[in-house]
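Numbering (the numbering used here), first residue to last: 2 to 324.
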């Protein structure tokens, strides 16, 4: 970009100089045509002044037009270079990032990759600032981001500013044993979901509730990679013996995985599955750490997972704290 700006400046200087010389040509000729002898210098000066007075207004008008044309062309070239640069950066980063949050990696490797993820975000954040300054300098207006891009940008900015994985430690999946689902349009979905096994290495959460006047198991789970290589969280129930994700399951709400915390359901960004039985509004999620409850379960409780969930949910119904 610096080379393009320098070349354009030189070309403009040469062009403006030629316009000035062409405009002054009549004055030069008039000065050379004056009679010689005593007082010839004064006559040359007067002829030059007269010719210049006639050309000065048009001379600068032409130069101004040419200058503006040159600046416009420079802006266009820099805008094109900025666009090409952003495409190249996006292409290369796509290859880098696909490695660092590959869900097939082990847990320890994911934590190492998480640190690298934050380091990369710092560089991207600085690069975005540079590009924004260049665009502002040359008068390029950035296109408005859609809502999902805004959420992603905010998450990237937050991660980059923190610069470490402290947030990941605070809400690590190992410390989150229950999830509160709130404000969903389907009231039966609302409540507290407890950790109940895992699917493809990601915790699954379940609550026992009532659906169509019968006891039902409501699951909050992350589906393995789909046909488009993405993973999504679902809130649903399934007939007895059916695996979640089959054509028989009853889905209510879904959400994409979070970039920073792919092993926990996102707190926001849920949408209603209208072609099933979902009803607006979609829910919001609250992570809960139940360390005392974990210790009780790990100390030798031999009851099955479903029995534990039934007792918990029943106790909450009785006390009136069931959401």
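Every residue, glycine too, gets a C-beta built ideally from N, C-alpha and C. Given the structure is predicted, the values throughout are model-derived calculations rather than measurements.
Next on the checklist: Short of 6 angstroms in beta carbon distance, which residues of its chain neighbour residue 189, apart from the five on each side in sequence? Order them along the chain.
Outcome noted: Translated into positions along the chain shown, residue 189 becomes position 188. Listed in chain order, the non-local C-beta contacts of residue 189 below 6 angstroms within the same chain comprise 210, 212, local neighbours out to five positions each way being set aside.
Next on the checklist: Quick check on residue 177: buried or exposed, where buried means 16 or more other Cβ atoms within 10 Å of its Cβ?
Outcome noted: Translated into positions along the chain shown, residue 177 becomes position 176. Residue 177 should be labelled buried.
Item to check | C-alpha gap between residue 196 and residue 283, whole angstroms | outcome: If you number the chain shown from 1, residue 196 lands on position 195. If you number the chain shown from 1, residue 283 lands on position 282. Near 21 angstroms, if we compare the C-alpha coordinates of residue 283 and residue 196.
Checklist entry - Hey, would you say residue 207 sits closer than 8 angstroms to residue 220, going by beta carbons? => result Position 206 of the chain shown, counting from 1, holds the residue named residue 207. Position 219 of the chain shown, counting from 1, holds the residue named residue 220. Residue 220 sits close to residue 207, with the two beta carbons spaced by under 8 angstroms.
Checklist entry - With distances taken from CA atoms, which of 238, 199, 83 is nearest residue 215? => result Taking the first residue of the chain shown as 1, we reach residue 215 at position 214. Answer by Cα proximity: 238.
Checklist entry - Would residue 31 pass as a contact of residue 52 if the rule is Cβ separation under 8 angstroms? => result As a position in the chain shown, residue 31 is number 30, starting the count at 1. As a position in the chain shown, residue 52 is number 51, starting the count at 1. It is a contact, given that the beta carbons lie within the stated cut-off.
Next on the checklist: Please identify the residue among 21, 194, 33 whose C-alpha is closest to the C-alpha of residue 64.
Outcome noted: For the purposes of this step, residue 64 is taken as the residue at position 63 of the chain shown. Residue 64 has its Cα closest to that of 21, out of 21, 194, 33.
Checklist entry - Pick from 278, 27, 75, 79: whose alpha carbon is nearest that of residue 57? => result Here the question's residue 57 lines up with position 56 in the chain shown. Among 278, 27, 75, 79, the Cα nearest to that of residue 57 belongs to 27.
Next on the checklist: By the DSSP assignment, the beta strand (DSSP E) with residue 221 in it spans what residues?
Outcome noted: Position 220 of the chain shown, counted from the first residue, corresponds to residue 221. It spans 215-224 - the beta strand (DSSP E) in which residue 221 sits, taken as one unbroken run.
Checklist entry - Quick one: Cα of residue 67 to Cα of residue 39, how far? => result Residue 67 sits at position 66 when you count from the first residue of the chain shown. Residue 39 sits at position 38 when you count from the first residue of the chain shown. In a straight line, the C-alpha of residue 67 is about 42 angstroms away from that of residue 39.
Item to check | Three-state secondary structure assigned by DSSP to residue 280 | outcome: Counting from 1 along the chain shown, the entry for residue 280 is found at position 279. Note: residue 280 maps to coil in three-state DSSP.
Item to check | Contact belief for residue 285 with residue 184 at Cβ below 8 angstroms, rounded distance in angstroms | outcome: The residue given as residue 285 occupies position 284 in the chain shown. The residue given as residue 184 occupies position 183 in the chain shown. Indeed they touch by this definition, with Cβ atoms about 5 angstroms apart.
Next on the checklist: Between residue 202 and residue 281, how many whole angstroms is the CB-CB distance? I'm expecting something under 8 angstroms.
Outcome noted: Within the chain shown, the letter at position 201 stands for residue 202. Within the chain shown, the letter at position 280 stands for residue 281. With a Cβ gap of about 32 angstroms, residue 202 and residue 281 do not count as contacting.
Next on the checklist: So, for residue 3: in the same chain, excluding its five sequence neighbours on each side, which residues have a beta-carbon less than 6 angstroms away from its beta-carbon?
Outcome noted: The residue you call residue 3 lines up with position 2 of the chain shown. There are no such residues.
Next on the checklist: Quick check on residue 193: does DSSP put it in helix, strand or coil?
Outcome noted: The residue given as residue 193 occupies position 192 in the chain shown. Strand.
Next on the checklist: Can you find the residues in the same chain that come closer than 8 angstroms, C-beta to C-beta, to residue 191, ignoring five residues on each side of it along the sequence?
Outcome noted: Numbered from its first residue, the chain shown carries residue 191 at position 190. So the list reads 182, 183, 184, 185, 284, 324, once near-sequence residues are dropped.
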